[in-house]
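Notes follow the structure.
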Amino acid sequence: MRTITKFTLSACIGLAIGAGQAWAGAKPDQIDRLSQDLTPMGSERAGNADGTIPEWTGGITEPPAGYSVGDHHPDPFTDDQPLFRIDGSNYQQYEDKLSVGQMATFARYPDTYYMDVYQSRRTTSFPEHIYEMTAENGKTARLAENGEGVVGAAEGFPFPFPEDAHELMWNHKLKYKGIGGMRYNTQIAPTADGKFSVTVIREELLGLYYKRGVTIEDINNVLLYFFQEVESPARLAGNILLVHETLNQIELPRQAWVYNPGQRRVRRAPNVAYDNPGTASDGLRTNDMTDMFNGAMDRFDWKVVGKQEMYVPYNSYGAHAKGITYDEFVRPGHLNPELMRYELHRVWVVDATLKEGMRHINARRTFYLDEDSYQILLIDHYDGRQQLWRASEAHSINYYDVPTFWSTIEVHYDLQSGRYVGQGFDNTTSVNTFNVEMQPAQFTPQALRTRGRR
1332 MRTITKFTLS ACIGLAIGAG QAWAGAKPDQ IDRLSQDLTP MGSERAGNAD
1382 GTIPEWTGGI TEPPAGYSVG DHHPDPFTDD QPLFRIDGSN YQQYEDKLSV
1432 GQMATFARYP DTYYMDVYQS RRTTSFPEHI YEMTAENGKT ARLAENGEGV
1482 VGAAEGFPFP FPEDAHELMW NHKLKYKGIG GMRYNTQIAP TADGKFSVTV
1532 IREELLGLYY KRGVTIEDIN NVLLYFFQEV ESPARLAGNI LLVHETLNQI
1582 ELPRQAWVYN PGQRRVRRAP NVAYDNPGTA SDGLRTNDMT DMFNGAMDRF
1632 DWKVVGKQEM YVPYNSYGAH AKGITYDEFV RPGHLNPELM RYELHRVWVV
1682 DATLKEGMRH INARRTFYLD EDSYQILLID HYDGRQQLWR ASEAHSINYY
1732 DVPTFWSTIE VHYDLQSGRY VGQGFDNTTS VNTFNVEMQP AQFTPQALRT
1782 RGRR
């Protein structure tokens, strides 16, 4: 049985009390806590009673010596050695700190899958103005109708005192990622015996929500402009996806368009918010699994299960390192565990259950959100029979040049077929660029036509 912390219990009681209050979401009388017992993000500042989770003391506040912007991010903890290993022979001893999906992965691959657990380091940090705006949002931000949007927020986390599952998920979706930039979200979907090809995907992002001094009214309700183009293999090259992710999805749902080079035409893609297959993923992930979850929430009932201590992927600089080849990453059934790092951290547990009469390939999903960054680190996915289907991991680092805590590689294991899809491999390409301001005019359907090739 998993234990529930006292903090979890108080949070759940607060949720029950506050559910009917008109002021739900805003907590102006608690702002001082963000410089006292809570971090500026709203997480517990103190470590745990055992001393295995440390106090948050600001995270990584400057890059290591020798780092230059544009470099792959060197590991600040190269001297760390694993404290212990969890594998197929002993994983049941750690059941109270593992997700259902992790347990199932050990059972599926008892001889090859393992987790090396390292010293816990609370490295999450964000710019000072994000902390300041998070405090302001704590006074004013509220959920829109049915939780499908946010009002009264700007730049920072909208809900530093989360009591509702929608608030937690919006904290994940609105986590600071810089105002714009480019990344290679290169993808691999091996066969069950480990054979694979590489799909190179280039993405551009513009997030005006994070621009200094900008309000929701200024951004015309568009949280994020997203452009994605497949560069290889040749049979897929030139396929483009354009998304306008909205902040208040009651007022305006997510808008999406695709360009097919064979047809030389742009068309609307209304299902991008839900469970249609992700680009070139062999059906192993859905579009709303981008950044672990990035889509509309209206088809599910959401609830906060609580907060618990878990072994999660964290400070995954080894997986981010420059020069690692795809052959080094890919193993039958799972990524190479030698490249991964796990630590003990507190996470929020959120359960989403498909509403009666709604359609989605997942009948239920359980999300595990890092308390310091609200980054979703793990997901358990269930099929229509309520059987565990997939297990997802976000191997994340502090991009200390920004700074922000975000995934470097995401992997989604299909535990029924023995296959998986991994994305975000940038070890042999350019790393993410942040805070490169682009213009909304670059992200219009008309621009899509001119940018389309072949």
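Heads up: the sequence shown runs through residues 1332 to 1785, numbered per our numbering.
Yeah, the Cβ is synthetic: ideal placement off N, Cα and C, and Gly gets one too.
These numbers were taken from a predicted model, which means no experiment stands behind them.
**Request:** Return the CA-CA distance between Lys1634 and Ala1496, expressed in angstroms with no decimal places.
**Result:** 5 Å
**Request:** Run the CB neighbour count on Pro1521, radius 10 Å, all protein chains shown included, and call it buried at 16 or more, exposed below.
**Result:** buried
**Request:** Label Val1589 either buried or exposed according to how many other C-beta atoms from any shown protein chain fall within 10 Å of its C-beta, with 16 as the threshold for buried.
**Result:** buried
**Request:** Within its chain, find whatever has a CB closer than 7 Å to the CB of Met1628; leave out the 5 residues flanking it on each side and keep chain order.
**Result:** Gly1478, Glu1479, His1497, Met1500
**Asked** Okay, do the segment 1691-1705 and the segment 1663-1682 touch, 3+ Cβ pairs below 8 Å being the bar?
**Response** yes
**Asked** Nearest to Lys1638 by alpha carbon, out of Met1620, Arg1543, Val1680?
**Response** A check of alpha carbon separations from Lys1638 across Met1620, Arg1543, Val1680 identifies Val1680 as the nearest.
**Request:** Write down every uninterrupted run of the alpha helix (DSSP H) in the segment 1411-1445 whose length is 4 residues or greater and which is fully enclosed by it, in chain order.
**Result:** Counting only unbroken stretches of 4 or more residues, the alpha helix (DSSP H) elements lying wholly within the segment 1411-1445 are 1431-1439, in sequence order.
**Request:** Can you grab the Cα-Cα spacing for the pair Arg1780 / Arg1533, in whole Å?
**Result:** 17 Å
**Prompt:** Taking Cβ positions, are Ser1727 and Tyr1645 nearer each other than 8 Å?
**Reply:** yes
**Message:** My assumption, with CB atoms under 8 Å, is that Asn1552 sits in contact with Leu1583. Please give the rounded CB distance.
**Reply:** 5 Å
**Request:** Quick one: residues in its chain with C-beta nearer than 6 Å to the C-beta of His1712, no 5 flanking neighbours on either side, listed in chain order?
**Result:** Asn1693, Arg1696, Trp1720, Arg1721
**Request:** Using the Cα positions of Thr1621 and Thr1739, report the straight-line distance between them to the nearest angstrom.
**Result:** The straight-line gap from Cα to Cα measures roughly 13 Å.
**Asked** Since Glu1459 is in the alpha helix (DSSP H), which residue starts that stretch and which ends it?
**Response** 1459-1471
**Message:** Here's the rule: buried if 16 or more other CB atoms are within 10 angstroms of the residue's CB, otherwise exposed. What is Trp1354?
**Reply:** With a pLDDT of only 37 at Trp1354, under 50, the local geometry of the prediction cannot be trusted, and no value is derived from it.
**Neighbourhood of Tyr1507 by C-beta distance below 6 Å, restricted to the same chain and skipping five residues each side** = Phe1457, Ile1461, Tyr1541, Thr1735
**Simplified DSSP state of Met1641, which is helix, strand or coil** = Three-state DSSP puts Met1641 in a strand.
**Prompt:** Is Gln1773 near the ligand HEM, with its Cβ less than 7 Å from a heavy atom?
**Reply:** Of the ligands one can find in the structure shown there are none, so the ligand HEM has no counterpart to examine.
**Request:** Could you spell out the range, first to last residue, of the alpha helix (DSSP H) harbouring Thr1781?
**Result:** Taken as a continuous stretch (DSSP letters only), the alpha helix (DSSP H) holding Thr1781 covers 1776-1782.
**Prompt:** Where DSSP assigns a beta bridge to Ser1737, which residues make up the other side?
**Reply:** It should be pointed out that residue 1737 corresponds to Trp in this sequence rather than to Ser. Per DSSP, Ile1728.
**Same chain, Cβ closer than 7 Å to Ile1550, five either side skipped, listed in chain order** = Leu1539, Tyr1540, listed in sequence order.
**Asked** Thinking C-alpha only, which one of Leu1578, Phe1408, Ser1612 is nearest Gly1649?
**Response** Of Leu1578, Phe1408, Ser1612, the residue nearest in Cα terms is Phe1408.
**Prompt:** So, is Leu1340 buried or exposed, given that buried needs 16 or more other C-beta atoms within 10 angstroms?
**Reply:** No answer about Leu1340 holds up, because its pLDDT of 39 lies below 50 and its placement is not dependable.
**Request:** Please name the residue or residues paired with Trp1679 in a DSSP beta bridge.
**Result:** Lys1638, Leu1700
**Asked** Is it buried or exposed for Glu1741, if we count other Cβ within 10 angstroms and need 16 for buried?
**Response** Buried.
**Prompt:** If we ignore side chains and look at the alpha-carbon of each, how far apart do Ile1384 and Val1636 end up?
**Reply:** 21 Å
**Asked** In the DSSP assignment, what residue or residues form a beta bridge with Ser1563?
**Response** As DSSP reads the structure, Ser1563 sits in a beta bridge with Val1531.
**Prompt:** Nearest-angstrom Cα distance between Met1464 and Lys1653?
**Reply:** Computed Cα separation, rounded: 34 Å.
**Item:** Endpoints, the alpha helix (DSSP H) within which Gly1715 is located
**Value:** It is not in any alpha helix (DSSP H) - Gly1715 carries neither H nor E in the DSSP assignment.
**Asked** On the three-state DSSP scale, how would you describe Glu1659?
**Response** helix
**Prompt:** What does a CB cutoff of less than 6 Å around Val1597 pick up in its chain, not counting 5 residues either side in sequence?
**Reply:** Trp1588, Tyr1590, Pro1776, Leu1779, Arg1780
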